[in-house]
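**Q** Here you go, one structure.
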Amino acid sequence: MAHKGSRKHILDLLERKDFINTLNNILQPYDANISDNKTVQPKGSNDDFEYELQYFIDKNNLAERFPSLKDVNSNFNKWWNPRGGKAPTWDMLSLCQLNGKEAILLVEAKAHIKEFDLKGKRLKDEPSEGSMINHNNIDARMKEACGNLNCTYTGFDISRDKHYQLSNRVAFAWKLKQLNIPVVLLYLGFTGDEYFKDFFKDHSHWEQEFTNYIKEVIPVNFINKNQSDFLFIHSSLAIK
């Protein structure tokens with residue numbers, strides 16, 4: 488299957504010989520880095536499967552590295568959907584280092600403006616009891632994360648009902664931090680993909696559109712600030 492947009496560019500990046508160096512050029516200014524691609528997922532076009540965070544944790548036995556993950560209450564799928572169901576998947580996941588400590592890297596990629604999803608989480612017209620329980624639980628998790636984040640940086644407004652994709656990215660990263668697991672959340676824009684009319688022309692254009700996207704949801708002064716074990720950064724790469 489031929490991929491387009493950010494998914495294509497992530498897979499192309501993963502298959503580049505300079506993948507590690509390219510990613511570290513983004514991470515290292517914030518005292519973060521990746522040393523190898525052993526845990527990186529997807530692997531490339533031959534293994535393009537996007538993992539849920541819990542599957543990534545289980546697949547790589549991360550409970551051995553991060554003891555807090557051994558707690559039964561740390562299961563991300565049950566934390567998000569107690570009645571079962573699909574959890575968010577990630578464009579890229581990997582182990583990394585942050586401030587000299589082992590950490591988890593979460594990557595969300597974009598190649599054009601319409602990939603910035605502003606919608607809330609949808610619910611079917613006649614949802615099952617389990618779907619309603621999950622829906623209400625996600626709302627509670629969002630509010631819990633939002634309230635805690637606002638204790639440090641005022642201006643968070645993550646929500647189930649708007650900017651759901653951005654909100655769930657932040658909520659999952661926050662949950663890792665609550666489990667004492669350092670986390671890097673990277674929003675990566677790919678510039679120059681003229682297949683799309685609304686493509687990002689260059690880094691300045693990416694930065695402008697990213698800032699518009701997070702406005703009134705994430706405080707701008709939280710982005711690109713290495714002041715805790717929850718690092719939220721954005722950057723861009725020109726496609727090759």
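Residue numbers (this note's numbering): 488 to 727. Glycine included, every Cβ here is placed at the ideal spot set by N, Cα and C.
#1: In terms of alpha-carbon separation, which member of D612, S618 and E703 lies closest to S654?
#2: Looking only at its chain, what residues have a beta carbon closer than 6 angstroms to the beta carbon of N621, apart from the 5 residues adjacent to it on each side?
#3: State yes or no: is the C-beta of A596 within less than 7 angstroms of the C-beta of L675?
#4: Tell whether a beta-carbon distance below 7 angstroms holds between L672 and L556.
#5: Go to K630, then tell me how far its alpha helix (DSSP H) extends in each direction, as first and last residue.
#6: Would DSSP call T509 helix, strand or coil?
#7: Does the beta-carbon distance from L765 to F686 come in below 7 angstroms?
#8: Could you round the C-beta distance between V506 and L500 to whole angstroms and report it? I think they count as a contact, below 8 angstroms.
#9: Tell me, please, which residues DSSP counts as bridged to P534.
#10: Indicate the three-state DSSP secondary structure (helix, strand or coil) for Y674 in the structure shown.
#11: Assuming I591 and V670 are in contact, meaning their beta carbons sit under 8 angstroms apart, how far apart are those beta carbons, in whole angstroms?
#12: Let me know if S722 comes out buried or exposed under the rule of 16 or more other beta-carbons within 10 Å of its beta-carbon.
#13: Let me check understanding here. Comparing Cα to Cα, which of I513, K611, S522 and Q652 lies closest to H690?
#14: Measuring alpha carbon to alpha carbon, tell me which residue in Y517, K662, N699 and K530 is nearest N560.
#15: Out of W693, K606 and G587, which has the shortest C-alpha to C-alpha gap to D518?
#16: Quick one: complete alpha helix (DSSP H) runs, 4+ long, within the segment 663–714?
#17: Starting from I497, trace the beta strand (DSSP E) both ways and give me its first and last residue.
#18: Using the three-state DSSP reduction, which class does N564 fall into: helix, strand or coil?
#19: Give me whichever residues DSSP pairs with Q584 in a beta bridge.
#20: State the beta-bridge partners of S723 as determined by DSSP.
#21: Per DSSP, which one or two residues make a beta bridge with H599?
#22: I need the boundaries of the alpha helix (DSSP H) containing L540, first residue and last residue.
#23: In its own chain, which residues sit with a C-beta less than 6 angstroms from the C-beta of G492, not counting the 5 before and 5 after it?
#24: Report all residues from its chain with a CB closer than 7 angstroms to the CB of Y640; omit the five preceding and five following residues, and keep chain order.
#25: Between the C-alpha atoms of Q652 and N520, what's the straight-line distance to the nearest angstrom?
**A** Concretely, from the data shown:
#1: For this step, residue 654 is matched to residue 167 along the sequence shown. Ranking the options by Cα distance to S654, first place goes to E703.
#2: For the purposes of this step, residue 621 is taken as residue 134 along the sequence shown, with counting starting at 1. In the same chain as N621, and ignoring 5 residues on each side of it, the C-beta atoms closer than 6 angstroms to its own belong to N568, R570 and G572, in chain order.
#3: Counting from one through the sequence shown, the residue named residue 596 turns up at place 109. Counting from one through the sequence shown, the residue named residue 675 turns up at place 188. Their beta carbons are under 7 angstroms apart, which means A596 touches L675 by this criterion.
#4: Working through the sequence shown from its first residue, we reach residue 672 at position 185. Working through the sequence shown from its first residue, we reach residue 556 at position 69. No, they are not a contact pair.
#5: Mapped onto the sequence shown, residue 630 falls at position 143. Note, K630: alpha helix (DSSP H), E616 to L636.
#6: Reading the sequence shown from its first residue, position 22 is the one you call residue 509. Of the three classes helix, strand and coil, the one that applies to T509 here is helix, per DSSP.
#7: Absent from the model: residue 765. The displayed extent of the chain is 488 to 727, so no value can be given.
#8: Taking the first residue of the sequence shown as 1, we reach residue 506 at position 19. Taking the first residue of the sequence shown as 1, we reach residue 500 at position 13. Residue 506 is actually Phe in this sequence, not Val. F506 to L500, Cβ: 6 angstroms. Contact.
#9: Numbered from its first residue, the sequence shown carries residue 534 at position 47. Checking the displayed sequence, the identity of residue 534 turns out to be Asp instead of Pro. Secondary-structure assignment with DSSP links D534 through a beta bridge to G531.
#10: Taking the first residue of the sequence shown as position 1, residue 674 is located at position 187. Correct three-state label for Y674: strand.
#11: The residue you call residue 591 lines up with position 104 of the sequence shown. The residue you call residue 670 lines up with position 183 of the sequence shown. The C-beta separation of I591 from V670 comes to about 5 angstroms, placing the pair in contact by the 8 angstroms criterion.
#12: As a working mapping, residue 722 is identified with position 235 in the sequence shown. If you draw a 10 Å sphere on the C-beta of S722, you find 16 or more other C-beta atoms in it, and that means buried.
#13: For the purposes of this step, residue 690 is identified with residue 203 of the sequence shown, where counting begins at 1. Of the candidates I513, K611, S522 and Q652, the one whose C-alpha sits nearest the C-alpha of H690 is I513.
#14: For the purposes of this step, residue 560 is taken as residue 73 along the sequence shown, with counting starting at 1. Of Y517, K662, N699 and K530, the residue nearest in Cα terms is K662.
#15: Looking up residue 518 in the sequence shown gives position 31. Ranking the options by Cα distance to D518, first place goes to G587.
#16: With a minimum length of 4 residues, the continuous alpha helix (DSSP H) runs that stay inside the segment 663–714 are 690–701.
#17: Reading the sequence shown from its first residue, position 10 is the one you call residue 497. Per DSSP, I497 belongs to no beta strand (DSSP E); it is in the alpha helix (DSSP H), G492 to L501.
#18: Along the sequence shown, read from residue 1 onward, the residue named residue 564 stands at position 77. Helix at N564.
#19: To locate residue 584, count along the sequence shown from 1; it is residue 97. Per DSSP, the beta-bridge partners of Q584 are N520 and E589.
#20: Locating residue 723 in the sequence shown gives position 236, counting from the first residue. Paired residues: G676.
#21: Along the sequence shown, one-based indexing puts residue 599 at 112. As a beta-bridge residue in DSSP terms, H599 pairs with F686.
#22: Here residue 540 refers to the residue found at position 53 when the sequence shown is read from its first residue. Per DSSP, the unbroken alpha helix (DSSP H) holding L540 starts and ends at L540 to K546.
#23: Looking up residue 492 in the sequence shown gives position 5. Excluding positions up to five away in sequence, the list reads A598.
#24: Numbered from its first residue, the sequence shown carries residue 640 at position 153. Cβ neighbours of Y640 within its own chain (closer than 7 angstroms, five residues either side excluded): P706, N708 and F709.
#25: Here residue 652 refers to the residue found at position 165 of the sequence shown. Here residue 520 refers to the residue found at position 33 of the sequence shown. Computed Cα separation, rounded: 25 angstroms.
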